[in-house]
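Just so you know, the sequences run in chain order W and Z. Just so you know, we're using full-length UniProt numbering here: the first sequence kicks off at 1 and counts up by one. Just so you know, we're using full-length UniProt numbering here: the second sequence kicks off at 1 and counts up by one. For glycine and all other residues, C-beta sits at the position ideal for the given N, C-alpha and C. Just so you know, these numbers come straight off a predicted model, no measurement behind them.
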Amino acid sequence: MPPCWPAGCSTPPASTTDGDYAGETVEFLIPLAEGGGTDTWARFIGTELTRTVPGQPGFAPVNEAGGEGITGTNRFVVSARADGTEVLVSTATTVVPWLLKKPAVRYDFTKLTPILANGTGAVVYARSAAGVAGLKDLVDRQTPLKFGGITATGLDLTTLLAFDLLEMDVDAVFGFEGRGPVNLALQRGEIDIDYTTTSTYASALKPLVDEKSAVALFSLGQVDAQGEIVRDPNFKDLPTVVEAYEELHGSKPSGPKLEAYKTVLGVTYTYQKALWVPPDTPKEASETLRTSAEKLGKDEAFQTAAKKVLGGYPLDASADLVGRITKAYEVDSTVRQHIVELLKNSYNINVE
Amino acid sequence: MFDAALSALSSLADPSLLIMLAIGVFAGLVMGLIPGLGGTGAVAILMPITFGMQPEQAFALLIGALAVVHTSDTVSAVLLGAPGSASASVTMLDGYAMARKGQAKRALSLAFLSSMAGGLIGALGLTLAIPLARPLVLSFASPELFMLTVLGVSLAAVLSRGNIVKGLLAGFLGLLLGQVGTSPTTAEERFTFGSLFLGDGLSLVAVALGIFGLAEIASRVGQRTVDKDMVGLGGGWMSGIKEWLTHWSQVIRGALIGIWAGVLPGVGATAGTWLAYGQAVATAKDKRNFGKGDPRGIVGPESSNNSVEAGDLIPTLLFGIPGGVPSAMLLGMLLTYGIQPGPAIVTEHLNLMYLIVWCFAIASILGAFLCFLATPSLAKLTKVPFAVLGAGLLVIMLLGAFQEGGQIGDLWIMIILGAVGWLMKATDTPRAPFLIGFVLAIPMERYYYLTDSLYDGLGWLTRPGVLVFLAVLIAPALLALVKRTRKSAPDLGHRGEDDLSHGEEDEAEDGQLKDSIWSLGLALGVTLIFGTALAVSQSFSAEAQLMPRLVSIGGLITGLILLWKELRARRSIGDGPGWTHDVTIAMRMFAAMALFLVLVMLGGYLLAVALFVPAFLLFVARATPRTTIIYTLVLCAVLLTLPSILPVDLPTGLLQS
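Next comes the structure, spelled out in structure tokens:
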């Protein structure tokens with residue numbers, strides 16, 4: 001919770017509409033605990049971004065952890081100053097509950113203004129000893145593959161939708177503490193199939209593939225500007241889910257399963273981490289932030305320094321970002337219905 | 001390998017690295033002193049400073065802090081009976097007992113020296129364990145991890161002072177409380193009654209500081225003068241070192257257990273310190289003094305809780321899997337510097353690995369040395385009347401608990417648990433199993449569920465690792481049972497002595513209210529809680545109700561046994577103490593704490609402190625007006641400056657905004 005000093009409360013409204021943030025402090029609301037991937041990302045981007053914004057405003061990261069990110073984000077939409085000095089950090093943890101319309105969620109990403117976005121990708125892999133050598137071993141199995149998950153209503157959802165689309169024989173067990181422990185459980189032979197995001201690929205999967213104890217199957221892919229699924233630039237050699245479908249079933253996928261997968265992939269991977277300002281923020285103020293971010297993203301020194309933090313995906317803040325994000329975050333009610341029913345029927349989880 | 005180690009050492013000759021290390025150590029010590037901040041706070045304050053630094057400097061800073069947090073967090077546990085972390089609660093058992101006997105200096109010296117050795121052995125272990133880490137981590141599957149959590153809770157129940165039935169009941173209660181919040185397996189909310197605040201579960205710091213710290217304030221605030229024998233006994237530093245050296249084997253054993261436990265992500269750190277204590281008790285010939293200030297009860301656990309931090313670095317660096325929040329933050333740092341954790345780190349960044357090892361070792365020595373030097377002045381804290389100390393302690397503990405989630409609700413929970421803790425203390429119910437149960441509840445459920453889903457039937461019970469743990473689990477329980485039946489006769493006589501000594505006001509031992517209407521009430525209340533929990537858990541999904549049901553049934557049975565014992569004791573001994581003077585004082589103290597919180601909610605923290613502390617000092621502690629004014633001014637000045645130098649937020653009140 002931000003300290004509210006008598007002096008701090010009576011500061012005059014910020015003058016951020018003149019394209020100059022001199023003398024201001026930009027506060028990042030990070031709705032998760034210190035130290036996680038999102039926190040590190042936000043602190044790094046925030047430090048660099050405020051150095052690029054004209055007038056070089058101060059930077060104040062505020063962690064408001066609680067309710068799986070819902071508490072802090074709820075608080076932001078109710079009380080954040082709409083002058084470009086308060087910025088919300090979002091990630092899959094807060095996006096999925098919004099997507100599923102959980103009762104506790106009071107925020108709506110379609111009503112906020114995006115400043116920048118940064119995506120990630122993932123690779124699905126399986127244990128060789130479970131009898132998986134390639135895509136063909138994923139269907140028509142005698143014993144289903146065991147998938148290790150954290151919770152079906154988190155980032156795992158995207159992978160589950162991919163399994164559903166591909167009609168794979170998978171039994172999911174949830175309750176793991178994190179992706180790291182799942183990876184260890186796979187090495188111990190407790191589970192058979194898992195996924196790893198791009199940032200942990202080198203530590204979690206590459207050594208296993210090198211020693212041939214695991215096989216990389218397909219990438220989740222990326223959503224492009226037209227809303228189509230394309231190959232992940234970090235895994236150019238791996239087929240996407242769509243290509244895997246064609247190989248397994250001999251035709252292009254279509255229908256509600258594909259639509260649901262595309263939507264969820266967009267909001268949980270391609271635009272996974274994003275910065276937002278309240279809807280009433282003057283356009284000048286939010287544009288100053290966005291153009292600064294765009295400039296930052298093109299800076300070569302930044303690109304080198306931020307290579308690992310950005311995870312091999314660009315800092316996306318181009319002029320058409322608002323349009324693309326708006327499109328990606330438009331979740332059709334049939335898509336939502338499909339997901340809710342899948343969770344209920346296959347995983348016995350009642351969202352509503 | 002040897003060359004790399006030496007070249008890493010020579011890079012530490014760089015003064016900028018040494019300065020960073022020293023700053024880290026200093027920050028870590030300060031953070032450890034304040035109950036509730038600890039390693040997470042230390043890394044949180046230091047991390048933003050490191051952006052833009054060279055990786056070597058950044059790591060020197062962070063490792064410096066991490067290595068010493070568990071050195072200085074002993075201070076509040078030993079001197080004030082307020083452990084800021086679950087592992088410090090182990091040192092508290094004997095450390096606090098020793099300090100209350102007037103040997104605070106001895107207890108602290110032993111603890112600091114052991115911390116140092118634990119850190120050093122940990123650093124060495126970090127180096128040697130690198131090639132062994134992978135097979136070790138991979139040999140611990142879900143069933144073994146589940147058994148480890150069971151072992152942690154039951155060791156605490158069996159080994160704490162007080163009887164086993166009460167210990168088990170406390171353990172079950174902790175396990176139940178740990179299940180408040182989101183279930184780890186199905187993500188549904190349990191026992192939250194629709195509150196988003198409870199959905200995250202209760203804050204560990206609030207629970208630990210409430211059940212121990214606030215309870216301690218309430219039970220000792222009646223003392224306006226200092227017990228004469230509380231003043232630190234003499235004995236120079238050399239005698240401290242000499243005594244410590246006689247326990248060298250305990251130090252090494254504790255450190256080894258710590259490294260081993262730290263390597264297992266998630267459950268290791270908490271269970272490890274208990275295992276260190278457990279082996280100290282199990283291997284001792286004369287066990288009578290444990291829990292009453294036995295040096296072996298301090299040395300082993302203290303050595304292990306520092307080496308746990310080193311052990312914890314192994315999965316963080318080699319697998320990218322952190323065991324706790326501090327190492328998670330360290331992991332974040334590694335990634336920002338483009339250093340990919342994983343087995344390859346040993347070949348690609350060997351120099352950095354050794355730098356971390358050296359920093360850990362040097363920081364351990366430096367931190368323990370500084371604490372050791374400060375021991376005589378720290379021990380003087382016990383000379384301050386507790387009533388005077390109590391006001392400041394209350395303010396600092398509540399502030400510490402507020403930092404974790406920034407929720408006033410945590411503070412209310414802390415006060416309620418303070419009252420529960422006081423009742424447990426007064427009725428001789430051990431509180432350590434409660435805290436350990438609370439910490440291990442979620443891991444226990446997680447690994448039980450995973451074991452159940454991933455293995456067919458009960459075949460997992462025959463895995464070699466599980467069998468070893470089962471043996472460790474059952475052996476001390478049997479031994480303790482045998483001993484209890486043998487010793488039951490002299491035990492009764494001993495209790496008679498205790499009752500006699502209660503005539504002296506200052507000898508405020510635990511358990512004054514046992515075998516009374518209070519202990520009967522506690523047993524009844526807890527039994528009812530388990531009954532209610534059993535009923536409420538029927539509404540959860542099949543997977544989510546598994547663990548709450550097991551815990552409730554276990555608690556219900558234990559509670560009924562205790563009730564029967566209580567009733568039988570009433571028949572043979574009589575009604576026991578009723579509404580005593582101490583009860584009145586404690587009740588008033590909790591009412592005062594509640595009043596303070598109401599003030600905080602209305603006018604904010606600073607205003608509440610400015611009103612509450614002088615009133616408390618004048619009317620409860622009967623301090624002089626001069627002391628009162630200076631005390632309040634200093635406290636307010638500290639609270640005013642704290643937010644600008646540490647990552648500390650003060651609660652704001654309704655009237656402020």
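Apply the 10 Å Cβ neighbour rule to R290 of chain W and answer buried if 16 or more other Cβ atoms are within range, or exposed otherwise. buried
Can you confirm whether S114 of chain Z, when its beta carbon is compared against all beta carbons of chain W, has any partner nearer than 8 Å? no
By a C-beta neighbour count over all protein chains shown, 10 Å radius and 16 as the cutoff for buried, is P643 of chain Z buried or exposed? exposed
I need the DSSP call for D506 of chain Z, collapsed to helix, strand or coil. Here D506 of chain Z scores only 35 on pLDDT, less than 50, and its place in the model is too uncertain to base an answer on.
Given that a residue counts as buried once 16 or more other Cβ atoms are within 10 Å of its Cβ, and exposed if not, what is G180 of chain W? A residue is called buried when at least 16 other Cβ atoms come within 10 angstroms of its Cβ; G180 of chain W meets this threshold and is buried.
Nearest by alpha-carbon distance to G210 of chain Z: which of Z:F360, Z:A432, Z:N163 is it? Z:A432
Starting from N118 of chain W, trace the beta strand (DSSP E) in both directions and tell me its first and last residue. 113-118
Which of helix, strand or coil does DSSP assign to F302 of chain W? Residue state, collapsed to three classes: helix.
Taking Cβ-Cβ distances shorter than 7 Å, what residues in chain W pair up with Y449 of chain Z? Those are G175, listed as they occur along chain W.
Residues in the same chain with beta-carbon distance under 8 Å from T334 of chain W, minus the five sequence neighbours each way, listed in chain order, please. P256, E259
Taking Cβ positions only, does L184 of chain W come closer than 8 Å to chain Z? yes
Leaving out five residues on either side along the sequence, give the residues of the same chain with a beta carbon under 7 Å from the beta carbon of L165 of chain W. V241, Y245, P253, K257, L258, Y261
Compare the C-alpha of N118 of chain W against each of W:G312, W:H338, W:Q337 and name the closest. Ranking the options by Cα distance to N118 of chain W, first place goes to W:G312.
Taking the straight line between their C-alpha atoms, what separation do you get for D83 of chain W and G23 of chain W? 14 Å
Measuring only the C-alpha atoms, how far is G189 of chain W from M333 of chain Z? 31 Å
Can you have a look at D73 of chain Z and say buried or exposed, based on whether 16 or more other CB atoms are within 10 angstroms of its CB? buried
Given a limit of 7 Å on CB to CB distance, which residues of the stretch 103-124 of chain W reach chain Z? A104
If you pair each beta-carbon of the stretch 588-596 of chain Z with each one of the stretch 611-630 of chain Z, do three or more pairs fall below 8 Å? Contact between the stretch 588-596 of chain Z and the stretch 611-630 of chain Z is present: 3 or more CB-CB pairs across the two stretches fall below 8 Å.
Considering only residues of the stretch 113-172 of chain W, which uninterrupted beta strand (DSSP E) runs meet the minimum length of 3 residues and lie entirely inside it, listed in chain order? 113-118, 122-127, 145-148
Reference S307 of chain Z; option with closest CA among Z:G152, Z:A276, Z:T462, Z:G119: Z:G119
Identify whether I362 of chain Z lies in helix, strand or coil by the three-state DSSP scheme. helix
Using a beta-carbon distance cut-off of less than 9 Å, what residues from the stretch 67-87 of chain Z approach chain W? none
Assuming L313 of chain Z and S303 of chain Z are in contact, meaning their beta carbons sit under 8 Å apart, how far apart are those beta carbons, in whole angstroms? About 17 Å separates the two Cβ atoms, so there is no contact after all.
Do N183 of chain W and D171 of chain W have their C-beta atoms within less than 8 Å of each other? no
Please check if any C-beta of chain W sits within less than 8 Å of the C-beta of P341 of chain Z. yes
Taking all protein chains shown into account, decide if L654 of chain Z is buried (16 or more other Cβ within 10 angstroms of its Cβ) or exposed. By the 10 Å Cβ count, L654 of chain Z comes out exposed.
Chain Z within 8 Å of D194 of chain W, Cβ atoms only: no
Starting from E566 of chain Z and walking both ways along the alpha helix (DSSP H), at which residues does that stretch end? 542-573
Could you check which residue in Z:V263, Z:Q103, Z:L61 has the C-alpha nearest to that of L317 of chain Z? By alpha-carbon distance to L317 of chain Z, the top candidate from Z:V263, Z:Q103, Z:L61 is Z:V263.
Using a beta-carbon distance below 8 Å, is T186 of chain Z in contact with chain W? yes
Alpha-carbon to alpha-carbon, M424 of chain Z and S219 of chain Z: 11 Å
Check whether the Cβ of A141 of chain Z lies closer than 8 Å to any Cβ atom in chain W. yes
So for F191 of chain Z, helix, strand or coil by DSSP? coil
Do V299 of chain Z and V251 of chain Z have their C-beta atoms closer together than 8 Å? Yes, they are a contact pair.
Cβ-Cβ separation, W518 of chain Z to T427 of chain Z (assumed contact under 8 Å), whole Å: 6 Å between Cβ atoms; contact.
Any C-beta of chain W within less than 9 Å: which residues of the stretch 175-203 of chain Z qualify? T182, S183, P184, T185, T186, A187, E188, L196, F197, G199, D200
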